[in-house]
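Asker:
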Amino acid sequence: MANLGITPRSQGFSDWYNDLVVKADLADYSAVKGCMVIKPHGYAIWELMQRALDDMFKASGHSNAYFPLFVPKSFLSKEAEHVEGFAKECAVVTHHRLMNNPDGPGVVVDPTAKLEEELVIRPTSETIIWNSFKNWIQSYRDLPLLINQWANVVRWEMRTRLFLRTAEFLWQEGHTAHATFEDAEAEALTILDIYRRFAEEWMAVPVLTGVKSENEKFAGADHTYCIEALVQDLRCVQAGTSHHLGQNFAKAFDVKFQTDKGALEYVHATSWGVSTRLVGTLVMAHSDDKGLVLPPRMAPVQCVIVPIWGGKAELREKVVAASERLAERLRATKWSDSPLRVRVDAREHESPGYKFNDWELRGACVRLELGPRDLEANQTVLSQRTGGEKAPVSVDNVCDEVCRRLDDLQRLLYRSALDFREANTKRVDTWEEFKAIFEPEGGAGFVVAHWDGTVETEKAIAEQTKATIRCITLDPLDPEDDKPGKCVYSGKPSSRRVVFAKAY
117 MANLGITPRS QGFSDWYNDL VVKADLADYS AVKGCMVIKP HGYAIWELMQ
167 RALDDMFKAS GHSNAYFPLF VPKSFLSKEA EHVEGFAKEC AVVTHHRLMN
217 NPDGPGVVVD PTAKLEEELV IRPTSETIIW NSFKNWIQSY RDLPLLINQW
267 ANVVRWEMRT RLFLRTAEFL WQEGHTAHAT FEDAEAEALT ILDIYRRFAE
317 EWMAVPVLTG VKSENEKFAG ADHTYCIEAL VQDLRCVQAG TSHHLGQNFA
367 KAFDVKFQTD KGALEYVHAT SWGVSTRLVG TLVMAHSDDK GLVLPPRMAP
417 VQCVIVPIWG GKAELREKVV AASERLAERL RATKWSDSPL RVRVDAREHE
467 SPGYKFNDWE LRGACVRLEL GPRDLEANQT VLSQRTGGEK APVSVDNVCD
517 EVCRRLDDLQ RLLYRSALDF REANTKRVDT WEEFKAIFEP EGGAGFVVAH
567 WDGTVETEKA IAEQTKATIR CITLDPLDPE DDKPGKCVYS GKPSSRRVVF
617 AKAY
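Those letters in the sequence shown? Residues 117 to 620, per the numbering used here, in order.
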């Protein structure tokens, strides 16, 4: 660990995470406080996420568009709950020009270039998009309108952490308009299921799906659905949200449509999004003290080939050429409907041991070693990043074996994460036990307990324990969770249990 410069998880999960993100070349700190630089290896993971999600959105009828980065301040004022929810996080543009400093070197803001109306750098795009939707929607024939955009947003965070919470981050945000409340509800649930399937089938991260409490819902929504993941320090990550907005934004921006019977009605809306916080979730869910552990569907390098020539220059050309031929065979092989992502590490001045450690750190799923003796034996030595035995494999069978190992690793990581979540989900009935679970610093897993449904109780619990209601699950984790009882805090009647956790 000292050579890698990564703090072991047992000595500090937060330090381990920060070290790993930097050492594994995912991201770096920026000269702009609170912002990050996403490096190529980290951006490659985000691109894989984008590609998978974009295909899922388009398969369900959505189209991509792009809307301005700047939102007139007056737009945010039109939906009162929405502006209140984001007001403290907004970055505001007040001037449009700089000038040379008359009193010294450098530049200053030109005082004559003040904007007539300030522009907010988008914290989210509901208001600017609904201003356009007003012009696009006239009739029921224009509905449903299903739009997504891939963009950056700014939410002025003071306490930041790479990928998990930064002042600027990348995301997708969907915005849709529908003729009826029921159509919008179906849309919100469709997207929730896409997010769940992506998290579980691609990221190998099991998630809870449910609805947010009134206190935790999106500002301006009728109600909010979410997916919630548990990571290795027993904290929760809100990994994605799908909001049923009702008619709030349609009324704020006067977006009406003519029904098939000739009446004018306000449309019903949804919005939904996931962000680069998914990369942080992926790291914290699976990785270990050696570095990144990535499910194969999310790994930029699924297979790395390390040619070994024992320091003998006359052998280098031979084993590197053989490694490149093997890589081409592998790249011609499809796994999970995509060509295998393969890299040959032919660096001359690094030892094989260094390369092994480096690719473990960077999360390559499978490593193949190829030396002179392996060439003579028509074999390669295969190692799996975690959960598999190192073994020689015939070159004739290596494509099939690599695919089999990737299948195994994808399943293994999901099963391990699910077992971890189940082992760290507790049902609690007394306030004393609830407090004791959340008293230590750090996470405490999922706690399933009765709640009386009031904002006052929810806030009191959060103030005393730092635990919040993560979701009211759509499908109870246990049939008993759906039965009535008494609130763990107030003792008042409760219709069912909800899920509490400390969250990022």
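Built from N, CA and C at the ideal position, the CB exists for glycine as well.
Going by other Cβ atoms of all chains shown within 10 Å of its Cβ, with 16 needed for buried, is residue 514 buried or exposed?
Answerer: Translated into positions along the sequence shown, residue 514 becomes position 398. Label assigned to residue 514: buried.
Asker: Can you give me the start and stop residues for the alpha helix (DSSP H) that residue 130 sits inside?
Answerer: By 1-based counting over the sequence shown, the position of residue 130 is 14. Note, residue 130: alpha helix (DSSP H), 129-139.
Asker: Could you work out which residue in 218, 208 and 247 is closest to residue 230 when comparing CA atoms only?
Answerer: Counted from its first residue, the sequence shown places residue 230 at position 114. Of the candidates 218, 208 and 247, the one whose C-alpha sits nearest the C-alpha of residue 230 is 208.
Asker: Would you call the region 287-302 and the region 194-204 in contact, with 3 or more CB pairs under 8 Å?
Answerer: As far as the Cβ criterion goes, the region 287-302 does not touch the region 194-204, which means the pair count is below three.
Asker: Put residue 266 into one of helix, strand or coil per three-state DSSP.
Answerer: The residue given as residue 266 occupies position 150 in the sequence shown. Of the three classes helix, strand and coil, the one that applies to residue 266 here is strand, per DSSP.
Asker: Evaluate residue 482 with the Cβ neighbour count: other Cβ atoms within 10 Å of its Cβ, from every protein chain shown; 16 or more gives buried, anything less gives exposed.
Answerer: In the sequence shown, residue 482 corresponds to position 366, counting from 1. Burial call: buried.
Asker: Which same chain residues end up closer than 6 Å to residue 488 when comparing Cβ atoms and leaving out the 5 residues on each side of it in sequence?
Answerer: The count along the sequence shown starts at 1 and reaches residue 488 at position 372. So the list reads 431, once near-sequence residues are dropped.
Asker: Tell me the rounded alpha-carbon separation between residue 326 and residue 506.
Answerer: Here residue 326 corresponds to residue number 210 of the sequence shown, with the count starting at 1. Here residue 506 corresponds to residue number 390 of the sequence shown, with the count starting at 1. Cα to Cα, residue 326 sits roughly 41 Å from residue 506.
Asker: At the level of alpha carbons, what is the spacing between residue 271 and residue 339?
Answerer: Start at 1 with the first residue of the sequence shown, and residue 271 comes out as number 155. Start at 1 with the first residue of the sequence shown, and residue 339 comes out as number 223. Between residue 271 and residue 339, the C-alpha separation is close to 22 Å.
Asker: Helix, strand or coil: how does DSSP classify residue 620 here?
Answerer: Here residue 620 is taken as the residue at index 504 of the sequence shown, counted from 1. Reduced to three states, the DSSP call for residue 620 is coil.
Asker: Taking the C-alpha atoms as reference points, what is the distance between residue 123 and residue 474?
Answerer: Mapped onto the sequence shown, residue 123 falls at position 7. Mapped onto the sequence shown, residue 474 falls at position 358. If I take the Cα positions, the gap works out to 16 Å.
Asker: Identify, in the order they occur along the chain, each residue of the same chain with its Cβ nearer than 6 Å to the Cβ of residue 205, setting aside the five sequence neighbours on each side.
Answerer: Here residue 205 corresponds to residue number 89 of the sequence shown, with the count starting at 1. Correct list, in chain order: 239, 271 and 272.
Asker: Can you find the residues in the same chain that come closer than 7 Å, C-beta to C-beta, to residue 181, ignoring five residues on each side of it along the sequence?
Answerer: Position 65 of the sequence shown, counted from the start, is the residue given in the question as residue 181. Same-chain partners within the cutoff: 263 and 265.
Asker: From the DSSP output, in three-state form, read off residue 621 for me.
Answerer: Here the chain comprises residues numbered 117 to 620, so residue 621 is not present and cannot be evaluated.
Asker: Rounded to the nearest angstrom, what separates residue 117 and residue 349 at their Cα positions?
Answerer: Here residue 117 refers to the residue found at position 1 when the sequence shown is read from its first residue. Here residue 349 refers to the residue found at position 233 when the sequence shown is read from its first residue. Confidence in residue 117 is poor, its pLDDT being 41 and thus under 50, which makes the residue's placement unreliable; the coordinate value appears in the next sentence. About 19 Å.
Asker: Do residue 408 and residue 477 have their beta-carbon atoms positioned less than 8 Å apart in this structure?
Answerer: Taking the first residue of the sequence shown as 1, we reach residue 477 at position 361. Taking the first residue of the sequence shown as 1, we reach residue 408 at position 292. Yes, they are a contact pair.
Asker: On the three-state DSSP scale, how would you describe residue 166?
Answerer: Here residue 166 refers to the residue found at position 50 of the sequence shown. Residue 166 falls in the helix class under three-state DSSP.
Asker: With DSSP as the reference, please indicate the residues paired to residue 145 in a beta bridge.
Answerer: Along the sequence shown, read from residue 1 onward, the residue named residue 145 stands at position 29. Beta-bridge pairing links residue 145 to 152.
Asker: Going straight from the alpha carbon of residue 498 to that of residue 145, what length do you get?
Answerer: Within the sequence shown, the letter at position 382 stands for residue 498. Within the sequence shown, the letter at position 29 stands for residue 145. Taking the straight line from one Cα to the other gives about 35 Å.
Asker: What does DSSP give as the partner residues of residue 498 in its beta bridges?
Answerer: Working through the sequence shown from its first residue, we reach residue 498 at position 382. DSSP lists 484 and 507 as partners of residue 498.
Asker: Let me confirm a value: residue 224 is counted as buried when at least 16 other C-beta atoms fall within 10 Å, else exposed. Which label applies?
Answerer: As a working note, residue 224 is residue 108 in the sequence shown. Classification of residue 224: exposed, given that the 10 Å Cβ count is below 16.
Asker: Does any residue of chain B bring its CB to less than 8 Å from the CB of residue 537?
Answerer: Among the chains in the structure shown there is no chain B, since it carries only a single protein chain.
Asker: Tell me whether the beta-carbon of residue 175 lies closer than 8 Å to the beta-carbon of residue 300.
Answerer: Numbered from 1 along the sequence shown, position 59 holds the residue referred to as residue 175. Numbered from 1 along the sequence shown, position 184 holds the residue referred to as residue 300. No, they are not a contact pair.
Asker: Counting pairs of Cβ atoms below 8 Å between the region 543-555 and the region 351-364, do you hit three or more?
Answerer: Segments in contact, no.
Asker: In or out: residue 400 buried (at least 16 other Cβ within 10 Å) or exposed?
Answerer: Looking up residue 400 in the sequence shown gives position 284. When all chains shown are included, residue 400 counts as buried.
Asker: Using a Cβ-Cβ cut-off of 8 Å (strictly less than) and excluding sequence neighbours within five positions of residue 494, which residues of its own chain qualify?
Answerer: Indexing the sequence shown from 1 puts residue 494 at position 378. Within the same chain, residue 494 has close Cβ partners 510, 511 and 512.
Asker: When you compare the region 572-583 with the region 309-323, are there three or more beta-carbon pairs, one atom per stretch, that lie closer than 8 Å?
Answerer: The region 572-583, when compared against the region 309-323, does not touch it at the 8 Å Cβ threshold.
Asker: Going by DSSP in three states, residue 289 sits in which element: helix, strand or coil?
Answerer: For the purposes of this step, residue 289 is taken as residue 173 along the sequence shown, with counting starting at 1. Reduced to three states, the DSSP call for residue 289 is strand.
Asker: Can you find at least 3 beta carbon pairs, one from the region 415-423 and one from the region 130-142, that sit closer than 8 Å?
Answerer: No, they do not touch.
Asker: Which full runs of the beta strand (DSSP E) of 3+ residues lie inside the region 541-620, going along the chain?
Answerer: Runs of the beta strand (DSSP E) inside the region 541-620: 541-543, 562-566, 584-589 and 613-617.
Asker: Where do the ends of the alpha helix (DSSP H) carrying residue 377 lie?
Answerer: In the sequence shown, counting from the first residue as 1, residue 377 sits at position 261. That residue, residue 377, is in no alpha helix (DSSP H); it is neither H nor E in DSSP.
Asker: What whole-angstrom Cβ distance do residue 295 and residue 373 have, given they're in contact under 8 Å?
Answerer: Counted from its first residue, the sequence shown places residue 295 at position 179. Counted from its first residue, the sequence shown places residue 373 at position 257. Rounded, the Cβ-Cβ distance is 7 Å, consistent with contact.
Asker: So, helix, strand or coil for residue 178, using DSSP?
Answerer: As a working mapping, residue 178 is identified with position 62 in the sequence shown. If DSSP states are grouped into helix, strand and coil, residue 178 belongs with coil.
Asker: State yes or no: is the C-beta of residue 314 within less than 8 Å of the C-beta of residue 169?
Answerer: Taking the sequence shown and counting its residues from 1, one reaches residue 314 at position 198. Taking the sequence shown and counting its residues from 1, one reaches residue 169 at position 53. Yes; because the gap between Cβ atoms is below 8 Å, this pair is in contact.
Asker: For the region 388-396 and the region 146-165, state whether three or more C-beta atom pairs, one from each stretch, are separated by less than 8 Å.
Answerer: Flag = yes, the region 388-396 and the region 146-165 touch.
Asker: Whole alpha helix (DSSP H) runs in the region 177-226 with 4 or more residues, listed along the chain?
Answerer: Whole alpha helix (DSSP H) segments, 4+ residues: 189-192 and 196-202.
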